[in-house]
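Below: the structure, in structure tokens.
There are 4 protein chains.
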Amino acid sequence: MSHEHPGYAEDKAAVLKRLARIEGQVRGINRMVEADTYCIDVLTQISATTKALEAVALKLLDEHLAHCVADAAAKGGPEADQKIKEASDAIARLVRS
Amino acid sequence: MSHEHPGYAEDKAAVLKRLARIEGQVRGINRMVEADTYCIDVLTQISATTKALEAVALKLLDEHLAHCVADAAAKGGPEADQKIKEASDAIARLVRS
Amino acid sequence: MSHEHPGYAEDKAAVLKRLARIEGQVRGINRMVEADTYCIDVLTQISATTKALEAVALKLLDEHLAHCVADAAAKGGPEADQKIKEASDAIARLVRS
Amino acid sequence: MSHEHPGYAEDKAAVLKRLARIEGQVRGINRMVEADTYCIDVLTQISATTKALEAVALKLLDEHLAHCVADAAAKGGPEADQKIKEASDAIARLVRS
């Protein structure tokens, strides 16, 4: 974990790949409902998709803490406080969603 | 709430519409990451999408309890027990996802 | 799973035991904060306690679906619809909490 | 938000008060089950208690990010990376619990 965003390019590609897969999962759920698939099977697929989205959010949050928040904290001052407040609010939204 | 699935057609159309919107939200998140949108804004969008997926799951579960589970319970026997077990397991997956 | 609440006595004893343990966990968290325990360790303990509470809720919900809701559904009529609506609302609260 | 823990004393007192209230809520749930209170009412109380515990966790996490993590990030080096990794893991546990 460095603060110069090395390898951000790979991370970004990996995140985009995961999001493309999630988009496909949602499309699959749509097709399942369209085809009157048994409700419990649709719910299983929705739970898996929600977990996959949460995992992407946690990944982005990790990056954000390790880069933006850490850089701002290293500089200190009001911007540091604001970045931390902002991250806390985003975490609260994730925990509650 | 009746057990003969009245208006199921409308419900299905509404669920499909919601899923199409969620698919669009996921595509939007992909574009945000692609365009290096500020991480906190991406997280806000992911939280909203997760909540929307959960709402669809709760809607499908309501229908399932009101129709399949209620019908099976009305008939009784091992099938009723199995339907209830299955619903409980799906609820546990939702609560934990 | 029967609808005459057999073994409800044992289940109740088990649920009470789990709740007593959770009460002890919360008391332990209080002591940790009192003693200025490292924040991350307190958070780990809170996550474990939240999971334990959720597990009790899922257990009670299972029982409720298998007994109250199944009985009401077997009888049918408006009471059945109301029990199912009530269970759906409780599930939504759990998923969102 | 400063990094010298001003007013930490008040925050600690407030957190301890909230935890004492949560302990009372869990004891109340125990009494409800003991008295065979209607299951749905017990579930409502459990959801409220889970939310209260989560709110304490988010409060502690805010403090932790604003003090420990910010201080470590300001100093930099491997300790900063480790504190951020540790916080990310705690956040993941909270989101999943």
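Protein chains in written order, with this note's numbering: chain H, 1 to 97; chain W, 98 to 194; chain B, 195 to 291; chain R, 292 to 388.
From the three backbone atoms N, C-alpha and C, an ideal C-beta is built for every residue, glycine too.
Quick caveat, the model's predicted, so the values are computed rather than measured.
Among the options, which one has its Cα closest to the Cα of residue i?
{"i": "N127/W", "options": "G76/H, H67/H and G24/H", "result": "G24/H"}
{"i": "L213/B", "options": "D372/R, R318/R and L351/R", "result": "R318/R"}
{"i": "K312/R", "options": "D372/R, T341/R and A371/R", "result": "Lys is not the amino acid found at residue 312/R; the sequence shown has Arg there. When only C-alpha atoms are compared, the closest one is T341/R."}
{"i": "D275/B", "options": "S144/W, C165/W, V130/W and L150/W", "result": "C165/W"}
{"i": "D302/R", "options": "D332/R, V347/R, A343/R and A339/R", "result": "V347/R"}
{"i": "E131/W", "options": "V33/H, A13/H and I84/H", "result": "A13/H"}
{"i": "D380/R", "options": "E248/B, D235/B, M226/B and D230/B", "result": "D235/B"}
{"i": "Q142/W", "options": "I84/H, Q45/H and E54/H", "result": "E54/H"}
Taking 8 Å as the cut-off, decide whether the C-beta atoms of residue i and residue j are in contact.
{"i": "A378/R", "j": "A73/H", "result": "no"}
{"i": "L334/R", "j": "L255/B", "result": "yes"}
{"i": "L155/W", "j": "A286/B", "result": "yes"}
{"i": "C330/R", "j": "E273/B", "result": "no"}
{"i": "L288/B", "j": "S388/R", "result": "no"}
Terminal residues of the continuous alpha helix (DSSP H) containing residue i?
{"i": "G77/H", "result": "Run containing G77/H: none; DSSP gives neither H nor E here."}
{"i": "S144/W", "result": "C136 to H161"}
Taking Cβ positions only, does residue i come closer than 8 Å to chain A?
{"i": "G76/H", "result": "Here the protein chains are H, W, B and R, and chain A is not one of them."}
Practice problem: Note down, one range per segment and in chain order, each alpha helix (DSSP H) of at least 4 residues found wholly within the stretch 105–136 of chain W. | Solution: 105–131
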